[in-house]
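Reminder that position 90 of the sequence shown reads as 79 in the numbering used here, one-by-one numbering, no gaps. Note that beta-carbon positions come from the ideal geometry of N, C-alpha and C, so glycine has one too. These numbers come from a predicted model, not from an experiment. Reviewing the structure listed below.
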Amino acid sequence: MRDLAFGDQLDLADLGFSDWLDRLAQVDSDDVFVEFLGKNHGAILQDHGASLIVTFEKYAEIAQRQKKGHPLSWDIAGQIGWSSLTIVCDTFDWFRSPHVYAYFDRLVDEGTLDQYDRVIFLGVDETSHAAAVYSVVATVAEVVLIGPIATQARDIANWDQRYPAARRLDFATRYAYGPDLVETAKKVTVIYNQNNPTEAMHATLYKSVSTEHVGMRLLSMPWRSLTSAQFLSAALNLLTEDDAKVQLCKLMRARRENPDYLRSVLRMTIARNRPDLTRKVCTYTLRKFPNAPHFKKALDDLDKI
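Shown next as structure tokens:
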């Protein structure tokens, strides 16, 4: 399946969620397993390699992210030669579904994850909660939370006003509180934005002895704008090193070479009406990428003022 799933042969673009899962289920392969988890969720296990990465993804983002309609986990696993388990939702519900609970219960009963030498649960922003709570099903798990969320339970995180729709969901019963359910993990890496007070508060709730906090000073942009498959693959590899925190900081600094990141910075400086910063960003970027049109235009606009 690896050559097919990670290559150009398998085109999953322009499909609805159920058709997308159906198309995957029709792939003739002995190492890909697809399951519908009710109408709103699906699980795709691609078995290739002794290590496994588990991700939680929104189908809308998969459909928009690249023209072939492949999950982010495939790109990451393909770069580092791992297996992947992707839990996908159509309508985002924080993966708070009895069908998802039952699936992870069954993974425990069947010992599915115990077959792998290494299992990493990866969550970014809203999916970090699911990565934390479901990691408990692996006997030996590592957890990487980027933009961590501990819970959306009102009695614990009433200070987090970012997701009002989440207040209607159950964060009190099964697979509920992230910090409790990562306590048995081999290692937990919490990467958060020190300039975001809400995110920093979630990060502090993760207190287990196996938790390492990596604070970054980011601007007002979502983590998803900075987490390409290349970045995440490099980050996962760095976690095996003794000085992982130092290396991750170096990797984050390297985002200054990323055109998408620089465009995000440009939009932020313009939105905040900071012409001084806008000029610095444009000057820096045009030294790196002389033909960058957005930055040329922004600099020209400043010169007209």
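Ordered along the chain, which non-local residues of its own chain (more than five positions away) have a Cβ less than 6 Å from that of residue i?
{"i": "H191", "result": "P137, I138, A139"}
{"i": "C271", "result": "F284, A287, L288"}
{"i": "A66", "result": "I42, S73"}
{"i": "K269", "result": "none"}
{"i": "E24", "result": "A32"}
{"i": "T116", "result": "F45"}
{"i": "W9", "result": "L1"}
Note down, in chain order, each residue of its chain lying with its Cβ closer than 7 Å to the Cβ of residue i, except the 5 sequence neighbours on either side.
{"i": "L4", "result": "R12, G58"}
{"i": "W71", "result": "G38, S40, L41, I42"}
{"i": "L61", "result": "T44, E46, R54, A218"}
{"i": "D20", "result": "M(-10), Q35, D36, H37"}
{"i": "Y90", "result": "R163, Y164"}
{"i": "G204", "result": "Y181, Q183"}
{"i": "A52", "result": "G58"}
{"i": "A130", "result": "V108, F110, S124, A174, K175"}
{"i": "M241", "result": "M205"}
{"i": "C78", "result": "N29, H30, K47, Y48, F84"}
Taking only the alpha-carbon atoms, compute the straight-line gap between residue i and residue j and give it to the nearest angstrom.
{"i": "E172", "j": "F84", "result": "20 Å"}
{"i": "A121", "j": "V132", "result": "7 Å"}
{"i": "D0", "j": "L74", "result": "19 Å"}
{"i": "Y181", "j": "L26", "result": "31 Å"}
{"i": "N280", "j": "T274", "result": "10 Å"}
{"i": "P186", "j": "S124", "result": "26 Å"}
{"i": "W63", "j": "Y92", "result": "20 Å"}
{"i": "L102", "j": "D94", "result": "12 Å"}
{"i": "L255", "j": "T267", "result": "6 Å"}
{"i": "A174", "j": "I76", "result": "20 Å"}
{"i": "D249", "j": "A32", "result": "30 Å"}
{"i": "F278", "j": "N262", "result": "24 Å"}
{"i": "M257", "j": "L96", "result": "43 Å"}
{"i": "D82", "j": "I294", "result": "47 Å"}
{"i": "A(-6)", "j": "P87", "result": "The predicted model places A(-6) with a pLDDT of 45, which falls under 50 and marks its position as unreliable, so this point remains unresolved."}
{"i": "Y105", "j": "R244", "result": "32 Å"}
{"i": "V126", "j": "A14", "result": "25 Å"}
{"i": "P153", "j": "D114", "result": "15 Å"}
{"i": "A2", "j": "T128", "result": "36 Å"}
{"i": "Q290", "j": "D265", "result": "In the sequence under discussion, the amino acid at residue 290 is Asp, which differs from the Gln named in the question. Approximately 13 Å between the Cα atoms of the pair."}
{"i": "H30", "j": "V16", "result": "19 Å"}
{"i": "E246", "j": "G100", "result": "43 Å"}
{"i": "S7", "j": "F22", "result": "15 Å"}
{"i": "E50", "j": "L251", "result": "21 Å"}
{"i": "D(-8)", "j": "A260", "result": "With a pLDDT of only 45 at D(-8), under the threshold of 50, the placement of this residue in the model should not be trusted, and no figure is reported."}
{"i": "S18", "j": "R151", "result": "42 Å"}
{"i": "K239", "j": "G112", "result": "21 Å"}
{"i": "A155", "j": "R276", "result": "44 Å"}
{"i": "D98", "j": "S253", "result": "45 Å"}
{"i": "H118", "j": "P282", "result": "38 Å"}
Taking DSSP's pairing of strands, which residues face residue i in a bridge?
{"i": "T178", "result": "V133, E201"}
{"i": "K269", "result": "BP columns for K269 are empty, so no partner."}
{"i": "E46", "result": "V77"}
{"i": "I145", "result": "According to DSSP, which records beta bridges pairwise, I145 is partnered with nothing at all."}
{"i": "A32", "result": "E24, I76"}
{"i": "L111", "result": "T44, V133"}
Below 8 Å CB to CB, which residues in the same chain sit around residue i once its five sequence neighbours on both sides are set aside?
{"i": "D292", "result": "none"}
{"i": "Y166", "result": "V122, A139, T140, A142, I145, F160"}
{"i": "W148", "result": "T187, M190"}
{"i": "S197", "result": "P168, V171, E172, A174, V177"}
{"i": "R157", "result": "none"}
{"i": "V179", "result": "L134, P137, A192, Y195, T200, E201, H202, V203"}
{"i": "T80", "result": "N29"}
Measuring only from the beta carbon, is residue i closer than 7 Å to any heavy atom that is part of the ligand GTP?
{"i": "K196", "result": "Among the components modelled here there is no ligand, and therefore nothing to report on the ligand GTP."}
(message) Across the segment 137 to 152 and the segment 160 to 168, are there enough close Cβ pairs to call them in contact, namely three or more that are closer than 8 Å?
(response) Because the criterion of three Cβ pairs below 8 Å is met, the segment 137 to 152 and the segment 160 to 168 touch.
(message) Just to confirm the assignment: which complete beta strand (DSSP E) runs, minimum length 3, are found wholly within the segment 0 to 26?
(response) With a minimum length of 3 residues, the continuous beta strand (DSSP E) runs that stay inside the segment 0 to 26 are 21 to 26.
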